[in-house]
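See structure below.
Residue numbers (my numbering): 76 to 437.
The structure is reproduced here in structure tokens:
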């Protein structure tokens, strides 16, 4: 047995070693979901599922996921797009629930909702139908605003008219207005509901280009605050026309809207994300594509193991995450596009169109 003095010295050294040891590095959490009712919290660095939670009454699956500003609450669109729930990603507890449909009226939210920067209000895009005894009456679309502290029986505190064919809502960092993206980009005042402006997507004025098409269902803006979406069109040529694949980029802070061609085919048709340095974007579908945003050119492309619907990037840009469609999340090197790993979700449920969100754990 060591003398008391030696024990004391050893204890002091151990304490010093503990003080000098680097603290555990905060890292990224990936939030995704899968059929029929699972929400997953993935430790990106460990490439493991930290937690999985069951969303009560989720129906046939989970669609859009929007994270609270502090990264603690995942708001998810469930039950055939008729309910929005808020799940605490630390405990799995349901802390918010809004039934969009009420007696006599069926309401769908076609993917679009967002949160104010302070996390206090949730704005949902609603498509209501009046259910009469002998007929269904299609009503006008609307934006409905809920208080996130309303608990499990949240009701709208105000609403205002909305355009048709909207599928993504994105809040501006100022908290004064939000974008509704559909056939065009609309901006609305959060408080008054006033339409502040409209800019073209379908109704763009891009010389030599046909009317474009896009499939923007994934409201990913992290980590840059820039929303990107693949967009395709045709360009007039001497012999007729040829396809063009491009990107739409919307900077939520400045409001800058940019369209940029990068290839002569439309290969990237689902989701995309901008790297933290804003010089490179990545897109996923049946291939993983690296796009040089500064030059407007395809930099690299590799085949994926299967179709992936959703893509995101680490907050420091060191890794790419792809998910959706099936039951795995894959990890790729953003420099080489080499596959690093794949994580199969417990139960192997289909992620389908669930958003793949990334929050940085502090």
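Cβ atoms here follow ideal geometry from the backbone N, Cα and C, with glycine treated the same way.
Here's a check: name, in chain order, each residue in its chain whose Cβ is nearer than 7 Å to the Cβ of residue i, leaving out the five neighbours to either side.
i, result
"residue 373", "337, 338, 364, 366"
"residue 88", "Per-residue confidence for residue 88 stands at a pLDDT of 37, beneath the threshold of 50, marking its modelled position as unreliable; no derived number is given."
"residue 98", "Residue placement at residue 98 cannot be trusted, given a pLDDT of 32 that sits under 50; what the coordinates show is reported in the next sentence. Correct list: empty, nothing qualifies."
"residue 165", "147"
"residue 421", "124, 127"
"residue 130", "112, 114, 137, 151, 153, 160, 162"
Indicate whether residue i and residue j have their beta-carbon atoms separated by less than 8 Å.
i, j, result
"residue 138", "residue 114", "no"
"residue 294", "residue 141", "yes"
"residue 104", "residue 394", "no"
"residue 133", "residue 111", "yes"
"residue 398", "residue 426", "yes"
"residue 325", "residue 332", "yes"
"residue 358", "residue 318", "no"
"residue 403", "residue 419", "yes"
"residue 300", "residue 231", "no"
"residue 433", "residue 390", "yes"
"residue 218", "residue 268", "yes"
"residue 307", "residue 320", "yes"
"residue 146", "residue 120", "no"
"residue 386", "residue 430", "no"
"residue 180", "residue 205", "yes"
"residue 259", "residue 274", "yes"
"residue 428", "residue 292", "yes"
"residue 229", "residue 186", "no"
"residue 330", "residue 311", "no"
"residue 208", "residue 237", "no"
"residue 345", "residue 396", "no"
Keeping to the same chain, check which residues put their C-beta closer than 6 Å to that of residue i; ignore five residues upstream and five downstream.
i, result
"residue 376", "362, 364"
"residue 158", "174"
"residue 262", "252, 254, 271, 272"
"residue 349", "299, 301, 303, 356"
"residue 233", "220"
"residue 417", "403, 405"
"residue 100", "Below a pLDDT of 50, predicted positions are generally treated as unreliable, and residue 100, at 41, falls in that range; no measurement from the model is reported."
"residue 328", "248, 300"
"residue 227", "172"
Quick one: give me the first and last residue of the beta strand (DSSP E) that residue i is part of.
i, result
"residue 377", "372-378"
"residue 272", "270-275"
"residue 398", "395-398"
"residue 213", "211-213"
"residue 171", "169-174"
"residue 414", "414-419"
"residue 311", "301-312"
"residue 264", "259-264"
"residue 246", "243-246"
"residue 405", "403-407"
"residue 385", "385-388"
"residue 107", "103-109"
"residue 254", "252-256"
"residue 278", "Where residue 278 is concerned, there is no enclosing beta strand (DSSP E), given that its DSSP letter is neither H nor E."
"residue 434", "432-435"
Is residue i near the ligand GTP, in the sense that its beta carbon is under 7 Å from a heavy atom of that ligand?
i, result
"residue 116", "For the structure depicted, the ligand GTP is absent and the ligand set is empty, with no information on it obtainable."
Bridge partners for residue i per DSSP, in chain order?
i, result
"residue 367", "355, 372"
"residue 224", "Answer by DSSP bridge pairing: none, since residue 224 is not bridged."
"residue 284", "310"
"residue 199", "188, 219"
"residue 315", "312"
"residue 236", "217"
"residue 362", "378"
"residue 204", "181, 213"
"residue 349", "356"
Excluding sequence positions up to five away, which residues of its chain have a Cβ less than 8 Å from the Cβ of residue i?
i, result
"residue 189", "141, 197, 198, 244, 245, 246, 253, 294"
"residue 90", "Below a pLDDT of 50, predicted positions are generally treated as unreliable, and residue 90, at 35, falls in that range; the measurement from the model is reported next regardless. Within the same chain, residue 90 has no close Cβ partners at all."
"residue 352", "392"
"residue 424", "109, 110, 111, 113, 402"
"residue 96", "Interpretation of residue 96 is limited by its pLDDT of 30, a score under 50 that renders its predicted location unreliable; the figure taken from the coordinates is listed afterwards. Nothing meets the Cβ criterion."
"residue 182", "157, 175, 176, 201, 202, 203, 204"
Identify every run of the beta strand (DSSP E) within the stretch 318-347, keeping only runs that are complete inside it and at least 3 residues long; order them along the chain. 332-338
Please go through the stretch 112-193 and give each complete beta strand (DSSP E) segment of 3 or more residues, from N-terminal end onward. 113-118, 123-129, 137-142, 148-153, 158-163, 169-174, 180-183, 188-190
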